[in-house]
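Peer 1: Have a look at this one before I ask anything.
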Amino acid sequence: MTSLQTSLPFLHFSPFGAAILAGTKFQAEFAGAALRYQIEGLSFWLDRIGKDVTLVGALANPQAVRDASDLINDFSAQMITDYARETSRIFAVAAKTANETATIAHGEALRTIEDIAASSVAP
392 MTSLQTSLPF
402 LHFSPFGAAI
412 LAGTKFQAEF
422 AGAALRYQIE
432 GLSFWLDRIG
442 KDVTLVGALA
452 NPQAVRDASD
462 LINDFSAQMI
472 TDYARETSRI
482 FAVAAKTANE
492 TATIAHGEAL
502 RTIEDIAASS
512 VAP
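Heads up, this note's numbering is the position in the sequence shown plus 391, with the first residue counted as 1.
Rendered as C-alpha coordinates:
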(Lines of atoms letter the chains of each structure in order from A; the text may use other names.)
(Lines give C-alpha, C1' and ligand atoms only; values in the text may rest on other atoms or scores of the structure.)
Protein backbone atom coordinates (compact mmCIF):
# COMPACT_ATOMS: atom_id res chain seq x y z
CA MET A 392 0.00 0.00 0.00
CA THR A 393 1.24 3.50 -0.71
CA SER A 394 1.17 6.51 1.56
CA LEU A 395 -1.57 8.09 -0.52
CA GLN A 396 -5.12 7.77 0.68
CA THR A 397 -6.58 7.41 -2.82
CA SER A 398 -6.07 4.37 -4.97
CA LEU A 399 -4.50 5.19 -8.33
CA PRO A 400 -4.05 2.37 -10.86
CA PHE A 401 -0.48 3.17 -11.92
CA LEU A 402 0.85 3.16 -8.35
CA HIS A 403 1.01 -0.64 -8.33
CA PHE A 404 3.36 -0.51 -11.32
CA SER A 405 5.41 2.58 -10.54
CA PRO A 406 6.91 3.06 -7.08
CA PHE A 407 8.63 6.16 -8.46
CA GLY A 408 5.24 7.70 -9.27
CA ALA A 409 4.02 6.88 -5.77
CA ALA A 410 7.10 8.54 -4.28
CA ILE A 411 6.54 11.69 -6.36
CA LEU A 412 2.90 11.93 -5.29
CA ALA A 413 3.80 11.35 -1.63
CA GLY A 414 6.46 14.07 -1.89
CA THR A 415 3.92 16.44 -3.42
CA LYS A 416 1.56 15.76 -0.53
CA PHE A 417 4.37 16.54 1.95
CA GLN A 418 5.20 19.77 0.08
CA ALA A 419 1.57 20.84 0.32
CA GLU A 420 1.66 20.26 4.09
CA PHE A 421 4.90 22.26 4.35
CA ALA A 422 3.39 25.11 2.33
CA GLY A 423 0.46 25.21 4.77
CA ALA A 424 2.86 25.58 7.69
CA ALA A 425 4.78 28.33 5.91
CA LEU A 426 1.51 30.11 5.21
CA ARG A 427 0.57 30.00 8.90
CA TYR A 428 3.91 31.66 9.77
CA GLN A 429 3.33 34.35 7.15
CA ILE A 430 -0.22 35.08 8.29
CA GLU A 431 0.87 35.35 11.92
CA GLY A 432 3.83 37.56 11.09
CA LEU A 433 1.92 39.87 8.78
CA SER A 434 -0.99 40.30 11.18
CA PHE A 435 1.47 41.22 13.93
CA TRP A 436 3.30 43.62 11.63
CA LEU A 437 0.03 45.29 10.61
CA ASP A 438 -0.98 45.73 14.25
CA ARG A 439 2.41 47.18 15.22
CA ILE A 440 2.42 49.61 12.27
CA GLY A 441 -1.03 50.81 13.32
CA LYS A 442 0.22 51.44 16.86
CA ASP A 443 3.29 53.26 15.52
CA VAL A 444 1.10 55.55 13.42
CA THR A 445 -1.13 56.20 16.43
CA LEU A 446 1.91 57.18 18.52
CA VAL A 447 3.22 59.54 15.86
CA GLY A 448 -0.24 61.10 15.56
CA ALA A 449 -0.42 61.58 19.32
CA LEU A 450 3.07 63.11 19.44
CA ALA A 451 2.23 65.45 16.57
CA ASN A 452 -0.54 67.01 18.64
CA PRO A 453 0.82 70.30 20.07
CA GLN A 454 -1.03 69.77 23.36
CA ALA A 455 0.66 66.38 23.83
CA VAL A 456 4.15 67.84 24.07
CA ARG A 457 4.04 67.91 27.86
CA ASP A 458 2.73 64.32 27.90
CA ALA A 459 5.26 63.01 25.37
CA SER A 460 7.27 61.16 27.99
CA ASP A 461 4.18 59.34 29.27
CA LEU A 462 3.09 58.53 25.72
CA ILE A 463 6.49 57.06 24.85
CA ASN A 464 6.65 55.10 28.12
CA ASP A 465 3.18 53.62 27.56
CA PHE A 466 4.04 52.86 23.94
CA SER A 467 7.27 51.11 24.94
CA ALA A 468 5.58 49.00 27.60
CA GLN A 469 2.86 47.98 25.14
CA MET A 470 5.47 47.18 22.49
CA ILE A 471 7.34 44.85 24.87
CA THR A 472 4.08 43.10 25.76
CA ASP A 473 3.13 42.76 22.09
CA TYR A 474 6.48 41.25 21.14
CA ALA A 475 6.32 38.79 24.05
CA ARG A 476 2.79 37.76 23.04
CA GLU A 477 3.82 37.38 19.40
CA THR A 478 6.79 35.23 20.38
CA SER A 479 4.39 32.95 22.22
CA ARG A 480 2.14 32.76 19.16
CA ILE A 481 5.06 31.91 16.86
CA PHE A 482 6.12 29.14 19.25
CA ALA A 483 2.53 27.84 19.22
CA VAL A 484 2.58 27.73 15.40
CA ALA A 485 5.93 25.94 15.53
CA ALA A 486 4.60 23.40 18.03
CA LYS A 487 1.53 22.75 15.89
CA THR A 488 3.70 22.32 12.80
CA ALA A 489 6.02 19.94 14.66
CA ASN A 490 3.04 17.91 15.87
CA GLU A 491 1.60 17.66 12.36
CA THR A 492 5.00 16.67 10.98
CA ALA A 493 5.40 13.99 13.63
CA THR A 494 1.94 12.63 12.80
CA ILE A 495 2.79 12.47 9.09
CA ALA A 496 6.17 10.85 9.78
CA HIS A 497 4.57 8.27 12.07
CA GLY A 498 1.98 7.38 9.44
CA GLU A 499 4.65 7.11 6.76
CA ALA A 500 6.77 4.87 9.01
CA LEU A 501 3.81 2.56 9.65
CA ARG A 502 3.01 2.36 5.93
CA THR A 503 6.66 1.66 5.12
CA ILE A 504 6.73 -1.17 7.65
CA GLU A 505 3.56 -2.59 6.11
CA ASP A 506 5.07 -2.31 2.62
CA ILE A 507 8.25 -4.09 3.71
CA ALA A 508 6.26 -6.81 5.45
CA ALA A 509 4.00 -7.27 2.42
CA SER A 510 6.91 -7.42 -0.01
CA SER A 511 8.80 -9.97 2.11
CA VAL A 512 5.75 -12.26 2.28
CA ALA A 513 4.83 -11.95 -1.40
CA PRO A 514 6.52 -14.47 -3.73
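Even glycine gets a Cβ: it sits at the ideal position worked out from N, Cα and C.
1. If you follow the alpha helix (DSSP H) that N464 is part of, which residue opens it and which one closes it?
2. Using only the alpha-carbon positions, how far apart do S434 and Q454 sit?
3. Expressed to the nearest angstrom, what Euclidean distance is found between the alpha-carbon atoms of M470 and T492?
4. If E431 and I481 are in contact, beta carbons under 8 angstroms, what's the gap, nearest whole angstrom?
5. When you compare only the Cα positions, how much space is there between K442 and L462?
6. What separation, rounded to the nearest whole angstrom, lies between the Cα atoms of N464 and V444?
7. Alpha carbons only, please: which of Y428, G498, R457 and A422 is nearest the one belonging to E477?
Peer 2: Taking the definition as stated:
1. For N464, the enclosing alpha helix (DSSP H) starts and ends at A459 to V512.
2. If I take the Cα positions, the gap works out to 32 angstroms.
3. Using only the alpha carbons, I get a separation of about 33 angstroms.
4. Going by Cβ atoms, the distance from E431 to I481 rounds to 6 angstroms, so yes, they are a contact pair.
5. In a straight line, the C-alpha of K442 is about 12 angstroms away from that of L462.
6. Using only the alpha carbons, I get a separation of about 16 angstroms.
7. Among Y428, G498, R457 and A422, the Cα nearest to that of E477 belongs to Y428.
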